[in-house]
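Residue numbers (my numbering), protein chains in the order written: chain A, 153 to 484; chain B, 153 to 484.
Heads up, the beta-carbon is just placed ideally off N, CA and C, and yes, glycines get one too.
On a predicted model such as this, the values are computed, not experimentally measured, just so you know.
Data first, discussion second: the structure below is written as structure tokens.
2 protein chains.
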Amino acid sequence: MTETRHDVVAIGNAIVDIIGRCDDAFLGKHGLAKGSMALVDTPAMQKLYGDMGPAVEISGGSAANTMVGIASLGGKAGFIGKVADDELGRIFCHDIGAAGVTYATPRAKNSLPTARCLILVTPDGERTMNTFLGVSPELNHGEVDARLIEGARITYLEGYLFDRAEAKAAFRQATAIARKAGRQTALTLSDGFCVGRHRAEFLSLIRDGVDILFANENEITALYETTSFDEAAKSAAKDTKLAVLTRSAKGSLILSGGESVSVAAAPVPTVVDTTGAGDLYAAGFLFGLSHGRPLDVCGHLGSLAAAEIISHVGARPETSLAKLAREKGLLS
Amino acid sequence: MTETRHDVVAIGNAIVDIIGRCDDAFLGKHGLAKGSMALVDTPAMQKLYGDMGPAVEISGGSAANTMVGIASLGGKAGFIGKVADDELGRIFCHDIGAAGVTYATPRAKNSLPTARCLILVTPDGERTMNTFLGVSPELNHGEVDARLIEGARITYLEGYLFDRAEAKAAFRQATAIARKAGRQTALTLSDGFCVGRHRAEFLSLIRDGVDILFANENEITALYETTSFDEAAKSAAKDTKLAVLTRSAKGSLILSGGESVSVAAAPVPTVVDTTGAGDLYAAGFLFGLSHGRPLDVCGHLGSLAAAEIISHVGARPETSLAKLAREKGLLS
Numbered sequence: 153m154t155e156t157r158h159d160v161v162a163i164g165n166a167i168v169d170i171i172g173r174c175d176d177a178f179l180g181k182h183g184l185a186k187g188s189m190a191l192v193d194t195p196a197m198q199k200l201y202g203d204m205g206p207a208v209e210i211s212g213g214s215a216a217n218t219m220v221g222i223a224s225l226g227g228k229a230g231f232i233g234k235v236a237d238d239e240l241g242r243i244f245c246h247d248i249g250a251a252g253v254t255y256a257t258p259r260a261k262n263s264l265p266t267a268r269c270l271i272l273v274t275p276d277g278e279r280t281m282n283t284f285l286g287v288s289p290e291l292n293h294g295e296v297d298a299r300l301i302e303g304a305r306i307t308y309l310e311g312y313l314f315d316r317a318e319a320k321a322a323f324r325q326a327t328a329i330a331r332k333a334g335r336q337t338a339l340t341l342s343d344g345f346c347v348g349r350h351r352a353e354f355l356s357l358i359r360d361g362v363d364i365l366f367a368n369e370n371e372i373t374a375l376y377e378t379t380s381f382d383e384a385a386k387s388a389a390k391d392t393k394l395a396v397l398t399r400s401a402k403g404s405l406i407l408s409g410g411e412s413v414s415v416a417a418a419p420v421p422t423v424v425d426t427t428g429a430g431d432l433y434a435a436g437f438l439f440g441l442s443h444g445r446p447l448d449v450c451g452h453l454g455s456l457a458a459a460e461i462i463s464h465v466g467a468r469p470e471t472s473l474a475k476l477a478r479e480k481g482l483l484s
Numbered sequence: 153m154t155e156t157r158h159d160v161v162a163i164g165n166a167i168v169d170i171i172g173r174c175d176d177a178f179l180g181k182h183g184l185a186k187g188s189m190a191l192v193d194t195p196a197m198q199k200l201y202g203d204m205g206p207a208v209e210i211s212g213g214s215a216a217n218t219m220v221g222i223a224s225l226g227g228k229a230g231f232i233g234k235v236a237d238d239e240l241g242r243i244f245c246h247d248i249g250a251a252g253v254t255y256a257t258p259r260a261k262n263s264l265p266t267a268r269c270l271i272l273v274t275p276d277g278e279r280t281m282n283t284f285l286g287v288s289p290e291l292n293h294g295e296v297d298a299r300l301i302e303g304a305r306i307t308y309l310e311g312y313l314f315d316r317a318e319a320k321a322a323f324r325q326a327t328a329i330a331r332k333a334g335r336q337t338a339l340t341l342s343d344g345f346c347v348g349r350h351r352a353e354f355l356s357l358i359r360d361g362v363d364i365l366f367a368n369e370n371e372i373t374a375l376y377e378t379t380s381f382d383e384a385a386k387s388a389a390k391d392t393k394l395a396v397l398t399r400s401a402k403g404s405l406i407l408s409g410g411e412s413v414s415v416a417a418a419p420v421p422t423v424v425d426t427t428g429a430g431d432l433y434a435a436g437f438l439f440g441l442s443h444g445r446p447l448d449v450c451g452h453l454g455s456l457a458a459a460e461i462i463s464h465v466g467a468r469p470e471t472s473l474a475k476l477a478r479e480k481g482l483l484s
């Protein structure tokens, strides 16, 4: 086996978030499904941006957020994803590199612009996302760095990539490289609507041997077309070696080889912005797992990282997660 | 007199802030004077950006922040300042417009990029600023909208504009238009080092008839070349009709026609980032003044707006200042 250089390497959309506040009426007026992620084209993106209030820009992207979380916990993380050679692309590159994540995907020249996600945060802290993918799906075969994937304990794949054929090809390529190298693969289902769009393919991918599956309640019930979380959880436990199911304030359920571990959510004084809650839970969990920690500790690390991220605006940690984890006795 | 359409119109640098955290050692290593604003050229900006940690982007610019604060209090504000037709320029335009400020300066085509300020926030909440002015000083004569200035009760001028000859010309032009229209002018000294660079010109401008002067302790003592705040305050009271002197946690001192009003700072649970404290104090004060409120109420509105801004990252309000002011009984 190739020498291990990273704990986790991810492949995902490289996105800068543009985060503003709105009330529930604004979502209704614009026909937006609260809590979901919708894809928007250029005119829809410009219209929505024109209508929304003042915003802040913070680097994002689901799997990229997860890798930054792992780095913040002291882990070694890498990311593969495509930005353009424009201002938002340079911002994305700066932020992920400065966070300590290995990132070397070349910036596209004369391309569509860097992906951005218009995120509307309602007074309850819930986020509703509208993603303009731009250049992000144009990751080509040569840019999926085989050496990076072969040297990582776990390759983490973002379900959102399935929304574009080109990105899906990169996703499948990464999976094949990881398996051939005897490495583990992990998949996050990303979003309930995303699952709806790609249910059959996700199921075949999972049954075909994804080692670790991340999903929230909404996503896992959408995958198994049931309204019962328990039923969906049973199916997930049958289909995959390790299923990690998050349930917001109700905590998470970890299912592995007949074993079932329930983990409580970490307390948060005020939920400011839920953007990145799932991404950071995955960061804590994957950090723990790749460091050989027991499943309940992995879950608590996930809860801790998620609690930090929802206590402020944006999906990148504002404080050292390693320090927080040491304070809670989850890290020595 | 022209019909009054705005309470305050400002002319200043149009800047997007790039805000990251660092420790005191980082400032020392990079030779940065804590709490100050330094101008940087392209190579210095790129070097510092490369070295600093992950950041967030939030629209800024001292006078622009003040206008957004006035709009957040329910006032009518306008802004004149130059951005490029690039991504950061579009972000600046969106944010100031979405905040309710009248802003119509055309974006420059094929120009230097939009100005950005690399802001380093140390653990004590103090901010150290490094400004790359880019296209901002290229505001030309035709772009100082005479009609906008003539229709505003107060024209507010940013001292930072003095750092470039072109911008200084726009500044003088705006002053002349306001005076000819029988309107009031206000000046903020912006920064102690900025005062050091332009002391004689600032003094002549003030003695020549600026109606309202804003300065903090550092700036006013630099202007009058004294270490004594009381001495500097006495000189300011002699030189201008209305001097508004801020002293961080020690509150503010308002001097007008022999009258002297002391106002306490508003309490803040945790100082997160002092960026924009002076800008937002000026917003509260100018809103009160242009609405005919007594000087002590103007000062308390300033303290309230400053307290909101230093309780989070960035120099644009995160909550409605009008709502906060109503809760405190400062606005009905």
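Between which residues of its own chain and residue i is the CB-CB distance below 6 Å, once the five residues before and five after are set aside?
{"i": "Glu302/B", "result": "Thr154 and Ala333"}
{"i": "Thr337/B", "result": "Thr307, Thr327, Ala330, Val362 and Asp363"}
{"i": "Leu285/A", "result": "Ala267"}
{"i": "Asp176/B", "result": "Thr274"}
{"i": "Gly241/A", "result": "Val235, Arg259 and Thr266"}
{"i": "Gly311/B", "result": "Thr340, Leu341, Ser342 and Cys346"}
{"i": "Ala435/A", "result": "Thr218, Gly221, Ile222 and Ala457"}
Mapping the DSSP letters down to three states, classify residue i as helix, strand or coil.
{"i": "Cys174/A", "result": "coil"}
{"i": "Leu309/B", "result": "strand"}
{"i": "Asp391/A", "result": "helix"}
{"i": "Met281/B", "result": "strand"}
{"i": "Thr194/A", "result": "helix"}
{"i": "Tyr255/A", "result": "strand"}
{"i": "Arg478/A", "result": "helix"}
{"i": "Glu470/A", "result": "coil"}
{"i": "Ala319/B", "result": "helix"}
{"i": "Glu290/B", "result": "helix"}
{"i": "Arg331/B", "result": "helix"}
{"i": "Ala435/A", "result": "helix"}
{"i": "Val273/B", "result": "strand"}
{"i": "Gly230/A", "result": "strand"}
Let me check understanding here. Comparing Cα to Cα, which of the options lies closest to residue i?
{"i": "Thr257/A", "options": "Gly221/A, Ala216/A and Pro275/A", "result": "Ala216/A"}
{"i": "Gly410/A", "options": "Val420/A, Thr422/A, Ala429/A and Lys390/A", "result": "Lys390/A"}
{"i": "Ser211/B", "options": "Lys228/B, Ile171/B, Val192/B and Val160/B", "result": "Ile171/B"}
{"i": "Ala236/B", "options": "Leu313/B, Lys402/B, Lys261/B and Gly183/B", "result": "Lys261/B"}
{"i": "Ser484/A", "options": "Gly451/A, Gly440/A and Glu290/A", "result": "Gly440/A"}
{"i": "Leu300/B", "options": "Leu407/B, Thr280/B and Ala162/B", "result": "Ala162/B"}
{"i": "Asp431/A", "options": "Pro446/A, Cys269/A and Ser455/A", "result": "Ser455/A"}
{"i": "Ala298/B", "options": "Asn370/B, Arg324/B and Asp193/B", "result": "Arg324/B"}
{"i": "Gly230/A", "options": "Phe354/A, Arg399/A, Ser387/A and Val296/A", "result": "Val296/A"}
{"i": "Asp276/B", "options": "Arg468/B, Cys174/B, Leu397/B and Lys480/B", "result": "Cys174/B"}
{"i": "Leu397/B", "options": "Met197/B, Asn368/B and Gly249/B", "result": "Asn368/B"}
How should residue i be labelled, buried or exposed, when 16 other C-beta atoms within 10 angstroms of its C-beta is the threshold for buried?
{"i": "Asn165/A", "result": "buried"}
{"i": "Ala457/B", "result": "buried"}
{"i": "Thr426/A", "result": "buried"}
{"i": "Lys234/A", "result": "buried"}
{"i": "Thr373/A", "result": "buried"}
{"i": "Arg359/B", "result": "exposed"}
{"i": "Ala416/B", "result": "exposed"}
{"i": "Glu206/A", "result": "Looking at the sequence shown, residue 206/A is not Glu but Pro. Buried, since its Cβ has 16 or more Cβ neighbours within 10 Å."}
{"i": "Arg335/A", "result": "buried"}
{"i": "Asp343/A", "result": "buried"}
{"i": "Gly444/B", "result": "exposed"}
{"i": "Ser522/A", "result": "It is not possible to answer for residue 522/A, since the shown part of chain A is limited to 153 through 484."}
{"i": "Asp203/B", "result": "exposed"}
For residue i, which residues in the same chain have their Cβ closer than 7 Å to its Cβ, ignoring the five residues on either side in sequence?
{"i": "Ser442/A", "result": "Asp159, Val160, Gly227, Arg305 and Ile306"}
{"i": "Thr156/B", "result": "Gly303 and Arg305"}
{"i": "Glu278/A", "result": "Lys186, Gly187 and Thr426"}
Can you pull the chain D residues whose beta carbon is under 8 Å from the beta carbon of residue i, in chain order?
{"i": "Tyr201/B", "result": "In the displayed structure, chain D is absent; the protein chains listed are A and B."}
Excluding sequence positions up to five away, which residues of its chain have a Cβ less than 8 Å from the Cβ of residue i?
{"i": "Glu470/B", "result": "Glu460 and His464"}
{"i": "Glu318/B", "result": "Pro289, Glu290, Leu291 and Asn292"}
{"i": "Arg351/A", "result": "Ala374, Leu375 and Glu377"}
{"i": "Ser472/A", "result": "Ser224"}
{"i": "Pro498/A", "result": "It is not possible to answer for residue 498/A, since the shown part of chain A is limited to 153 through 484."}
| Entirely enclosed alpha helix (DSSP H) segments - the stretch 352 to 409 of chain A, minimum 4 residues | 369 to 375 and 381 to 391, all fully within the stretch 352 to 409 of chain A.
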